[in-house]
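Here's the structure, in structure tokens; my notes come after.
There are 2 protein chains.
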Amino acid sequence: MEDSTQNRILDAAESLFIEFGYAGTSMRAITEKAGVNLAAINYHFGSKEGLFAATVHRRMASINSSRLSRLEALLNSETGASVEGILEAFFAPILPGKTQPELQRLIARIHAEPPALVGPILEQEFGDIVNRFISALQQVMPGVAKAKIAFQLNMSLGVMLQVMHAGPIVFTGITGMSHQQKMQQLMAFCSQGMKLLETPS
Amino acid sequence: MEDSTQNRILDAAESLFIEFGYAGTSMRAITEKAGVNLAAINYHFGSKEGLFAATVHRRMASINSSRLSRLEALLNSETGASVEGILEAFFAPILPGKTQPELQRLIARIHAEPPALVGPILEQEFGDIVNRFISALQQVMPGVAKAKIAFQLNMSLGVMLQVMHAGPIVFTGITGMSHQQKMQQLMAFCSQGMKLLETPS
DNA sequence: GTCTATATTGGGATAGAC
DNA sequence: GTCTATCCCAATATAGAC
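Chains as they are written, first to last, in the working numbering: chain A, 1 to 201; chain B, 202 to 402.
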């Protein structure tokens, strides 16, 4: 919120990491864009990797608490949880919407970086959350193997990432669609695929 | 096929680009892994970018001709083309299978690189192909807007990329599934989502 | 076509004054 | 907490001998 040196660095780093990736972004480029001194990154974040982890954590902290509170509300509700409800609790906080347009592009970037860099970060930021949601899905679909549920959820994440994709656009001509149309198609696509598990072949 | 210097460089570059990304891979690392001289890259491929484009083209050239011949066979067949048939013609040549295990990881890597790098390459390697397939889908689904078809195809590609993913894996516990199980779920997921267009809401 | 050597630039990180 | 200056290393690319 405040215009501190840390936040100036985080803002500049985020946009550059999104556009050029981690390895493609230099600390000099970050500090120049932020209007701060080169040594400020090492002073405040220890290293370039520490800065990257900090940019991720800044965005994901509030997202994950939102996910958890939505899931808790579902599980404690009168009607109980459903597949669609759980999916929505997981994806709604990161759905492209009115707020934070940078969020989706950063998430897509994270998943595009080499595992050696983001593996520990993903484990830290998503480890608990993912297990909680898979457990919830298992309770709703008791007959389905855990691996199948995880695989299906992984595919849904892939759809999300592709739609969020700030990266190269293979299919042109999508520009004619409204934002609402896209979101409608996206949620229908994922929930339709997820429903396949309920009628095992 | 042959063990020429060019192919030694291409093999080494491919595996390193997959693992560390374009910017995260140095020409020194490539030439050392290939067992060739540092200057060989510039001599044979002009530049690091030229080498990257060559690695992509080597894999995609045969893939795209396979896609086109499959599509032609469909359009000229007695029964005519169907949505599933067109989708299969597009995705089957890159489906994870017995051969070329590096292919999927490279494709995932391509789509993870910054647009400034891979934009021109994607245009060159995929531009014609994508237009041909979208036109074919339009003929099979006359009432559906082109943008919606392209968007749906884009989401299907996202599922493919996530399953192929060379990158970080958020959902663990998928290891218990057989290869056939994964492919079955993947194709069911995509075709089920694609079918939504035939019954417009 | 392949090598050595090098030119040139930019990278991350740190020491120490202020 | 911020700055300058610098260390040390790695990067891409090329020139020129073989």
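Beta carbons: idealized from backbone N, C-alpha and C, even for Gly.
Since the model is a prediction, treat every value here as computed from it, not as a measurement.
Residue i - containing alpha helix (DSSP H), residue span
i	result
L217 (chain B)	T206 to F221
G320 (chain B)	P316 to V341
E399 (chain B)	Segment: none, E399 (chain B) is in no alpha helix (DSSP H) and carries neither H nor E.
M164 (chain A)	K146 to M164
S263 (chain B)	K249 to L276
Q305 (chain B)	P302 to A313
E285 (chain B)	V284 to F292
T31 (chain A)	M27 to A34
N243 (chain B)	A241 to F246
Chain B contact residues for residue i, given Cβ-Cβ distances below 7 Å
i	result
F126 (chain A)	V371
V130 (chain A)	V371 and F372
P119 (chain A)	A quick correction: the sequence has Gly, not Pro, at residue 119 (chain A). In chain order: P369.
Beta-carbon proximity of residue i to residue j, cut-off 9 Å
i	j	result
V56 (chain A)	I110 (chain A)	yes
F91 (chain A)	S156 (chain A)	yes
L68 (chain A)	R132 (chain A)	yes
Q363 (chain B)	N154 (chain A)	yes
M27 (chain A)	F126 (chain A)	no
V331 (chain B)	S283 (chain B)	no
I264 (chain B)	I295 (chain B)	yes
S191 (chain A)	E32 (chain A)	no
A54 (chain A)	L103 (chain A)	no
T5 (chain A)	A39 (chain A)	no
F352 (chain B)	K182 (chain A)	yes
G359 (chain B)	M160 (chain A)	yes
G24 (chain A)	P316 (chain B)	no
A188 (chain A)	L307 (chain B)	no
Proximal residues to residue i (C-beta, below 8 Å), its chain only, five neighbours per side dropped
i	result
F253 (chain B)	A214, F218, Y223, L318 and I322
R209 (chain B)	A235, G236 and V237
E2 (chain A)	none
Partner residues on chain A for residue i, Cβ-Cβ distance less than 9 Å
i	result
E220 (chain B)	P114, P115 and A116
Q393 (chain B)	F189, Q192, G193, K195 and L196
G298 (chain B)	Under the 9 Å cutoff, chain A gives no residues; its nearest Cβ is about 18 Å from G298 (chain B).
Neighbour list for residue i in chain B, Cβ cutoff strictly below 9 Å
i	result
K48 (chain A)	In chain order: nothing, as chain B lies at least about 12 Å away.
Q268 (chain A)	Since the first residue of chain A shown is 1 and the last is 201, residue 268 (chain A) is not available in this structure.
L161 (chain A)	G359, L362 and Q363
H111 (chain A)	A313, Q363, H366, G368, P369 and V371
A23 (chain A)	F221, G222, Y223, A224, G225 and T226
Close Cβ partners of residue i (< 6 Å) along its chain, the five nearest in sequence each way excluded
i	result
L338 (chain B)	I287 and I350
S267 (chain B)	P294
P96 (chain A)	Q104
R271 (chain B)	A290
E399 (chain B)	none
Amino acids of chain A, ordered along the chain, whose beta-carbon sits closer than 8 Å to that of residue i
i	result
L181 (chain B)	What is shown of chain B runs 202 to 402, which leaves residue 181 (chain B) out entirely.
Interface residues of chain B facing residue i [CB-CB closer than 8 Å]
i	result
Q138 (chain A)	Those do not exist, as Q138 (chain A) stays about 11 Å from chain B at its closest Cβ, beyond 8 Å.
Other residues of its chain near residue i: CB distance less than 7 Å, five sequence neighbours each side excluded
i	result
K146 (chain A)	I134 and Q138
I30 (chain A)	I9, A12, A13, L16 and I41
A309 (chain B)	L362, M365, H366, A367 and G368
M194 (chain A)	V83, L87, Q152 and S156
D329 (chain B)	none
*Residues within the segment 371-389 of chain B neighbouring chain A, beta-carbon criterion of under 9 Å*: V371, F372, T373, G374, I375, T376, G377, M378, Q382, K383, Q385, Q386, L387 and A389
*the segment 347-358 of chain B: which residues have C-beta closer than 8 Å to a C-beta of chain A, in chain order?*
K347, A348, K349, A351, F352, Q353, L354, N355, M356 and L358
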